[in-house]
Every structure is written in structure tokens, then in C-alpha cells.
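Participant: Residues in the sequence shown are numbered consecutively from 281, following the working numbering. Structure provided below as C-alpha cells; questions to follow.
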Amino acid sequence: MASGAAGMTVRIARSTVLVTALLVGACRAAPQTIHAGEGALRVEHGAVSSANEISSRAGVEVLRDGGNAVDAAVAVGLALAVTHPTAGNIGGGGFMVIRFPDGRATAIDFREKAPLASHPEMFLDEKGEFSADIRHRSHISVGVPGTVAGFALAHERYGSLEWARLVEPAVELARDGFKVMPELARSMSGVLDNLERYPASLAAFSKNGTPYDGGEVWRQPDLARTLERIMQQGQDGFYRGETARLLVEEMERGGGLITLEDLERYEAVERETVRGMYRGYEIISMPPPSSGGTALVEMLNVLEGFDLAALGHNTAPYLHHLAETMRLAFRDRARHLADADFVDVPIADLTSEQYAAELRSMIDPQHAGVSSPADAEHALVDESEETTHYSVVDASGLAVSVTYTLEQGYGSKITVPGAGFLLNNQMGDFNAGPGITDTTGLIGTEPNLARPEQRMLSSMSPSIVTRDGQLVAVIGSPGGRTIINTVLQVFLNLVDFGMSPVDAITAPRMHHQWLPNRIDLEEGFEDEALVAALNAMGHSVRVRGSQGTAHSIFIEPGTGWLIAVPDPRGGDAAAAGY
Ligand code: DON
Numbered sequence: 281m282a283s284g285a286a287g288m289t290v291r292i293a294r295s296t297v298l299v300t301a302l303l304v305g306a307c308r309a310a311p312q313t314i315h316a317g318e319g320a321l322r323v324e325h326g327a328v329s330s331a332n333e334i335s336s337r338a339g340v341e342v343l344r345d346g347g348n349a350v351d352a353a354v355a356v357g358l359a360l361a362v363t364h365p366t367a368g369n370i371g372g373g374g375f376m377v378i379r380f381p382d383g384r385a386t387a388i389d390f391r392e393k394a395p396l397a398s399h400p401e402m403f404l405d406e407k408g409e410f411s412a413d414i415r416h417r418s419h420i421s422v423g424v425p426g427t428v429a430g431f432a433l434a435h436e437r438y439g440s441l442e443w444a445r446l447v448e449p450a451v452e453l454a455r456d457g458f459k460v461m462p463e464l465a466r467s468m469s470g471v472l473d474n475l476e477r478y479p480a481s482l483a484a485f486s487k488n489g490t491p492y493d494g495g496e497v498w499r500q501p502d503l504a505r506t507l508e509r510i511m512q513q514g515q516d517g518f519y520r521g522e523t524a525r526l527l528v529e530e531m532e533r534g535g536g537l538i539t540l541e542d543l544e545r546y547e548a549v550e551r552e553t554v555r556g557m558y559r560g561y562e563i564i565s566m567p568p569p570s571s572g573g574t575a576l577v578e579m580l581n582v583l584e585g586f587d588l589a590a591l592g593h594n595t596a597p598y599l600h601h602l603a604e605t606m607r608l609a610f611r612d613r614a615r616h617l618a619d620a621d622f623v624d625v626p627i628a629d630l631t632s633e634q635y636a637a638e639l640r641s642m643i644d645p646q647h648a649g650v651s652s653p654a655d656a657e658h659a660l661v662d663e664s665e666e667t668t669h670y671s672v673v674d675a676s677g678l679a680v681s682v683t684y685t686l687e688q689g690y691g692s693k694i695t696v697p698g699a700g701f702l703l704n705n706q707m708g709d710f711n712a713g714p715g716i717t718d719t720t721g722l723i724g725t726e727p728n729l730a731r732p733e734q735r736m737l738s739s740m741s742p743s744i745v746t747r748d749g750q751l752v753a754v755i756g757s758p759g760g761r762t763i764i765n766t767v768l769q770v771f772l773n774l775v776d777f778g779m780s781p782v783d784a785i786t787a788p789r790m791h792h793q794w795l796p797n798r799i800d801l802e803e804g805f806e807d808e809a810l811v812a813a814l815n816a817m818g819h820s821v822r823v824r825g826s827q828g829t830a831h832s833i834f835i836e837p838g839t840g841w842l843i844a845v846p847d848p849r850g851g852d853a854a855a856a857g858y
């Protein structure tokens, strides 16, 4: 009786919301929009910056219907699961950092977990040798997904509209279809060969092997039905019942480990953010199982002791100081960072001023340091760059920063037959196996080994910047380990160099991750004198493709208006606002 009455209340409220939305929608203009490469969108009330226009607009419509930034973030995330399949997902996981207008902040951890049957040696083949195929390209590479639980938790604690209103845009996009954007067409065509092993993936992401052209309408009926179950049943629509059954059947077909029990037990967790001060600005970011927040604060503490502005933006001395700081922080990342629910992570020590002074004294201002071969057991491998970050701010100043992922582009490439969504291959973020260390970059250190229900270490660093209690920016990026350094440089561009939002996002970026001992320069840095100067200091240098896509929002000083910047590196990226 009680639940029936409650259900009725929900139905009435929902139809009221829909009718209001229709009436308002009929007479209101579309949100303002700007595409990647077109600069910044300046709006007064609310904004979303994400990997595509459809998703950013879905979020802004939620804001205009009276939703807050958490509501909008959930709607954007679910819309990206339909429109940005390389990284948008319901079969993966990620992190959400929220800052409230009163200055409080919190983090939602919806990182995937290792299935109950996991163990540290699970990536070894029958000869006892590490197998990249098992860790990255098999049903065993799939972690228990966290995204739906994370969005449900964020909504339950901090949302204001009904859940169904937030899922509805994604259901409609999957059911009715949408016109394939240019970058999406390229991406789906490019991945086709890798989908061939999985008929359900071929069926979902191509016309049975023929790629979609830009402008064609793409419908995903299986995904639409899964999203409808999520719309009607919330978290249970994914972790129990039909969706869970279909997922587990695919695991059984392919020799994967995830069971119904794994799905039922999965819980997203609310965690305390990592916060640090730098020249009067505060950065609020993600704690373990992300390494991002901790490494960012550690690096900023070190860098605060140098006059970076005097070194000059992107000069050889500046890049040298960044590289040396990154070298030290990434060494600590490999040694100490992992899921703090399972291992002791010394966050307070790593982020202390005293430790920063110690690290700073190890940096020679003229010469590259060493990434000691004796530390090779902590070496790190190259990672793919397929994840997605989006930023949301509403009219009250509530700010939400989300980075989530399937790990590699299209994750494991496995689509759950009948359910239409891709599964992650996030187990690849665990270390290879106990003591397995070699010069190619495999690592076998203890903290980040696979254990039942442990979350694998991540670099995703959704972050929020404030000054004197006022919101300054919402930032983040994809890019594996480069994420941390991308966020660092966007922050420094703003704080030390006073750049405009567009310049702060556009300026070329660099990356160093301790091992391999090398500076990666983004295209745009191709200046022979600069490379020669770095070489003369003892740095090995590589010029690589683009680094990250930092879809961000900045607050205009004085007016408080929002400046939303889709990173020009993101093909279909767009910001929307009103
Ligand atoms: O959690 C992590 O750090 C990685 N799995 C993220 C992967 C990634 O960023 C790839 N792409 N951009």
C-alpha cells in the first residue's frame, strides 16, 4: 500500500515535470552552443562542456528544467553512453567531484572492482608468463562496472529532479537515434576491425560490418531497452534482473569472471576529496583509487617553491622544472598509490609541505635527474588515450567535474548481446603480477595487484579550482597517466601565467612519467632550439600527438559569468549553456 502510494506520487510528479518541460520547451530557444575550436561560450546561468553537442545540450536542458549540476552531470554521462561509445559508458566506471556553493566538496567513486574470483596471478598464462591478451583483450579484462551505481548514488544524495528525467534523454537518443557526428563516424569506422570477434559489437556499431557515415541516423535498440530498465528500476535495472543476466551470460560464454553476486555486491562510494593550496588557489580533486588528486597536490607543493612565471611559459627551463617534478611524483605514484580500502596510502605524507621541500632539494635546476634502473620494478607502460571528461556548473554555483572511461577506446570491444552496451577492460590498470618486472615496463609491486573487490589504480583527475571561497574553474581530461599532467598544466597556465580560459586549454602540453625517462612534447612544440636546449640538460625528448581533451568551465572574475571551453583537440566536442 505504502509503496503503491509512493509510486503514484512519483508518476504524478514525473508527468508534471514532463508537461512543464514540454510547455517551457515549446517556447524557449535552444541553448547557446559552441564547438571545439570556436573559442569559448560565455553564459550567465549554467553550462556544460563535454565530448559532443548532443550531450552538452541534454545537460543544459536538465538545468533549465530546474535540475542542479549533479542532475545535469548524470544526464550528460548517460547521454555520452549513447553518443560517445569510445569512452562514454554504462559498462565502465569513473569519478565525480562535486563542490557546493558553500565551499563543501565531495567525491563519488564509481571505479570498477575486481570480480570476487580475481587473484594477483590472474593475468598469467598456463606457462606462468604474463599475458597482455588476458589482461587487456579478454573477458577476464572486464571489471565489475560502476557507472550506473555512481550516477544513482550522486542523484540519490545530491540530485533534485526525478531519476527518470535524467535517463530519458539517453533512452530517446538510443531508441530514436541521432545523426552520427564526423569524429564519431571516423572513430566507429576505425575500430571496426577490432570488433569483428564480437558479433553483437559489429551489430551495434556498424551496419553489420559497413561503417556509418557522418550524418546517418544511428539507432541502438538493445541499449535503449537497457536504459529503459535503468530508468524504471534505477541501479537495479543494471545490477539485477535482465541486464545482469545478459551480462553474466556473456561472461560465461567468453570465460569471464563476473557473476550475479559480483553485480549485486557492487557499490559506489562517497569519499573525501584531496585538497591542496597553491599561491592562494585551492585545488579540489580525486582521492584513491585515483592517483590524480594526490599527485597533483604533491607536484603543486614542489612547484610553489619555484618562480615559474620568471622561467617563462613553455621555455626549456620551465619544461625542465615540470619534468623533474613529474619524475618524482610519478615515482611515488608507482610505489604507493592504489585502492586505499585495501592498502595503506600515505596521502598526508605525500602531500605535506615538508616532503615537498625534500623533493625540491633533489631537483637540479640545470640537469635532468635520473629515473634509477634500480627502481625499474616500478616501471610504467604506455596507456591508451580513450576516456572522457566533462564539466558542469549551474546557476547556484554548484560545480561538478566528471571523468569516466571504458579504459581503452571501446573498452574490451565486447558488447553484451541483447543489452547493447560495451564492457570495459579496466582490469588492465592492475599490475601484471607479483614480482613480474621487466624493462618493457611491466610491474609487479604489491599495492596495485588484483584482489577480490579491489579497485584498480587510476589517473583520472576530475578537479575543481577555487580562490577565497569562490569558484574559479572546473577542469579534467582523459589521457591515461598524461591526465594528471594535463590538469596540472591547465591549472598553472591559469594561475602562474594568467592565461585566458581558451589559451589555458589550447597551449601545448608536455608529459613526463618517471619511466620511461623521457619528456613527451605535444605537437605544436616543434621547435628545434627548444628540443636542443632540453637535450643539452640531459633530457630525452619525443614529439607525440595531442595530449588530452580538457573540456572545462571557468568563472569570469567580476561578473561570475561562465566561460565554457570545449578543448579544440576534441573533434565533436561542444559546450552548451544559457
Ligand atoms: O583510469 C585510468 O587512469 C585509465 N584507465 C584511463 C584511461 C584513459 O584515460 C585512456 N584515455 N584517454
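Idealized CB from N, CA, C, for every residue including glycine.
(1) Evaluate Glu862 with the Cβ neighbour count: other Cβ atoms within 10 Å of its Cβ, from every protein chain shown; 16 or more gives buried, anything less gives exposed.
(2) Give the straight-line distance between the Cα atoms of Trp443 and Gly426, rounded to the nearest whole angstrom.
(3) Which two residues bound the contiguous beta strand (DSSP E) that contains Ser481?
(4) What residue range does the alpha helix (DSSP H) around Glu436 cover?
(5) Kindly list the residues whose CB is nearer than 7 angstroms to the CB of Pro653, restricted to its own chain and excluding five residues on each side of it in sequence; keep chain order.
(6) Do Ile799 and Glu550 have their CB atoms nearer than 7 angstroms?
(7) Does any heavy atom of ligand 1 sit closer than 6 angstroms to the C-beta of Ile531?
(8) Given that a residue counts as buried once 16 or more other Cβ atoms are within 10 Å of its Cβ, and exposed if not, what is Asp674?
(9) With a CB to CB cut of under 8 angstroms and the five nearest residues on each side skipped, what residues in its chain are close to Tyr519?
(10) Among Val497, Gly756 and Gly818, which has the Cα closest to the Cα of Phe458?
(11) Quick one: what's got a C-beta closer than 7 angstroms to Ser757's C-beta in the same chain, skipping five residues either side?
(12) If the criterion is Cβ atoms closer than 7 angstroms, does the pair Leu433 and Ala548 meet it?
(13) So is His435 buried or exposed if we call it buried at 16+ other beta carbons inside 10 Å?
(14) Just to confirm my understanding: we take Ser330, look at its own chain, exclude 5 residues before and 5 after, and list those with CB closer than 6 angstroms. What are they?
(15) Which residues bound the beta strand (DSSP E) around Ile755?
(16) If you draw a straight line from the C-alpha of Ala856 to the C-alpha of Ala309, how long is it?
(17) For the segment 579–587 against the segment 635–642, are there 3 or more C-beta pairs whose distance is under 8 angstroms?
(18) Look at Ala854 and His315 and say whether their C-beta atoms are less than 7 angstroms apart.
(19) Quick one: is the Cβ of Gly439 within less than 6 angstroms of any heavy atom of ligand 1?
(20) Kindly identify the DSSP beta-bridge partner or partners of Lys693.
(21) Which of the three DSSP states is assigned to Ala656 in this structure?
(22) Is the separation between the beta-carbon of Phe390 and that of Thr683 shorter than 7 angstroms?
(23) Can you find a CB in chain D that lies within less than 7 angstroms of the CB of Leu639?
(24) Would you mind working out which of Val650, Gly470, Asp612 and Ile370 sits nearest Val422, comparing C-alpha positions?
(25) Mind checking His658: buried by the 16 CB within 10 Å criterion, or exposed?
(26) Could you check where the alpha helix (DSSP H) with His600 kicks off and where it finishes?
(27) Within its chain, find whatever has a CB closer than 7 angstroms to the CB of Gly305; leave out the 5 residues flanking it on each side and keep chain order.
(28) Please name the residue, chosen from Gly592, Ser743, Ala596 and Ala394, that lies closest to Val821 on a Cα-to-Cα basis.
(29) According to DSSP, is Gly804 helix, strand or coil?
(30) Alpha carbons only, please: which of Phe805, Ser418, Arg437 and Gln706 is nearest the one belonging to Glu687?
(31) If the criterion is Cβ atoms closer than 7 angstroms, does the pair Ala352 and Val672 meet it?
(32) Can you determine whether any heavy atom of ligand 1 sits closer than 6 angstroms to the C-beta of Gly840, and answer yes or no?
(33) Three Cβ pairs or more, each shorter than 8 angstroms: is that satisfied between the segment 723–733 and the segment 613–627?
(34) In the DSSP output, what is Arg822 paired with across the bridge?
(35) Leaving out five residues before and five after Glu803 in sequence, what residues of the same chain have Cβ atoms less than 7 angstroms from its Cβ?
(36) Whole angstroms is fine: what's the gap from Leu751's alpha carbon to Gln793's?
Facilitator: Short version:
(1) Any question about residue 862 goes unanswered here, given that the chain covers just 281 to 858.
(2) Counting from one through the sequence shown, the residue named residue 443 turns up at place 163. Counting from one through the sequence shown, the residue named residue 426 turns up at place 146. Roughly 17 angstroms separates the two Cα atoms.
(3) Here residue 481 refers to the residue found at position 201 of the sequence shown. Unbroken run through Ser481 is the alpha helix (DSSP H), Pro479 to Phe485; no beta strand (DSSP E).
(4) For this step, residue 436 is matched to residue 156 along the sequence shown. Counting along the chain, the alpha helix (DSSP H) containing Glu436 begins and ends at Thr427 to Tyr438.
(5) The residue you call residue 653 lines up with position 373 of the sequence shown. Low per-residue confidence applies at Pro653: pLDDT is 46, beneath 50, and the placement is therefore not dependable, though the value from the model is reported in the following sentence. There are no such residues.
(6) Here residue 799 corresponds to residue number 519 of the sequence shown, with the count starting at 1. Here residue 550 corresponds to residue number 270 of the sequence shown, with the count starting at 1. Going by C-beta atoms, Ile799 is not nearer than 7 angstroms to Glu550.
(7) Mapped onto the sequence shown, residue 531 falls at position 251. Per the sequence shown, residue 531 should be read as Met rather than Ile. Flag unset: Cβ of Met531 not near ligand 1.
(8) As a working mapping, residue 674 is identified with position 394 in the sequence shown. Buried.
(9) The residue given as residue 519 occupies position 239 in the sequence shown. Correct list, in chain order: Val428, Ala429, Leu543, Glu544 and Tyr546.
(10) For the purposes of this step, residue 458 is taken as the residue at position 178 of the sequence shown. Measuring from the Cα of Phe458, the nearest candidate turns out to be Val497.
(11) Counted from its first residue, the sequence shown places residue 757 at position 477. Closer than 7 angstroms at Cβ, skipping near neighbours: His669, Ile763, Thr766, Val767, Gly828, Thr829 and Ala830.
(12) In the sequence shown, counting from the first residue as 1, residue 433 sits at position 153. In the sequence shown, counting from the first residue as 1, residue 548 sits at position 268. Yes; because the gap between Cβ atoms is below 7 angstroms, this pair is in contact.
(13) Taking the first residue of the sequence shown as 1, we reach residue 435 at position 155. Buried, because 16 or more other Cβ atoms sit within 10 Å of the Cβ of His435.
(14) Locating residue 330 in the sequence shown gives position 50, counting from the first residue. Around Ser330: Ser336, Val356, Tyr670 and His831.
(15) Residue numbering aside, residue 755 sits at position 475 when the sequence shown is read from its first letter. That run of the beta strand (DSSP E) goes Gln750 to Ile755.
(16) Numbered from its first residue, the sequence shown carries residue 856 at position 576. Numbered from its first residue, the sequence shown carries residue 309 at position 29. Ala856 and Ala309: Cα-Cα distance of roughly 12 angstroms.
(17) yes
(18) Here residue 854 refers to the residue found at position 574 when the sequence shown is read from its first residue. Here residue 315 refers to the residue found at position 35 when the sequence shown is read from its first residue. Against a cut-off of 7 angstroms, the Cβ pair of His315 and Ala854 comes out as a contact.
(19) For the purposes of this step, residue 439 is taken as the residue at position 159 of the sequence shown. False, no ligand heavy atom lies under 6 angstroms from that Cβ.
(20) Taking the sequence shown and counting its residues from 1, one reaches residue 693 at position 413. Partner(s): none; Lys693 has no beta bridge.
(21) Looking up residue 656 in the sequence shown gives position 376. Reliability of the predicted coordinates at Ala656 is poor, the pLDDT of 39 falling under 50, and the value obtained from them is presented with this limitation in mind. Three-state DSSP puts Ala656 in a helix.
(22) Looking up residue 390 in the sequence shown gives position 110. Looking up residue 683 in the sequence shown gives position 403. No; because the gap between Cβ atoms is not below 7 angstroms, this pair is not in contact.
(23) Any reference to chain D falls outside this structure, which holds one protein chain only.
(24) Start at 1 with the first residue of the sequence shown, and residue 422 comes out as number 142. Nearest C-alpha to Val422: Ile370.
(25) Taking the sequence shown and counting its residues from 1, the one referred to as residue 658 is at position 378. Residue placement at His658 is poorly supported in this model, since its pLDDT is 46, which falls under 50; the coordinates are not used for a value here.
(26) Counting from 1 along the sequence shown, the entry for residue 600 is found at position 320. From DSSP, the alpha helix (DSSP H) with His600 extends over Ala596 to His616.
(27) Translated into the one-based positions of the sequence shown, residue 305 becomes position 25. For Gly305, the predicted model reports a pLDDT of 49, less than 50, meaning its position is unreliable and no value from the coordinates is stated.
(28) For the purposes of this step, residue 821 is taken as residue 541 along the sequence shown, with counting starting at 1. When each option's Cα is compared against that of Val821, the closest is Ala596.
(29) Within the sequence shown, residue 804 is the residue found at index 524, counting from 1. Gly804 falls in the coil class under three-state DSSP.
(30) The count along the sequence shown starts at 1 and reaches residue 687 at position 407. Comparing Cα positions, the closest option is Gln706.
(31) Walking along the sequence shown from the start, residue 352 turns up at place 72. Walking along the sequence shown from the start, residue 672 turns up at place 392. Taking 7 angstroms as the Cβ cut-off, Ala352 and Val672 qualify as a contacting pair.
(32) As a position in the sequence shown, residue 840 is number 560, starting the count at 1. Flag unset: Cβ of Gly840 not near ligand 1.
(33) yes
(34) As a working note, residue 822 is residue 542 in the sequence shown. The partner list for Arg822 (beta bridge, DSSP) reads Asp800.
(35) Taking the sequence shown and counting its residues from 1, one reaches residue 803 at position 523. Same-chain partners within the cutoff: Val823, Gly825 and Ser826.
(36) Start at 1 with the first residue of the sequence shown, and residue 751 comes out as number 471. Start at 1 with the first residue of the sequence shown, and residue 793 comes out as number 513. Those two C-alpha atoms are separated by around 30 angstroms.
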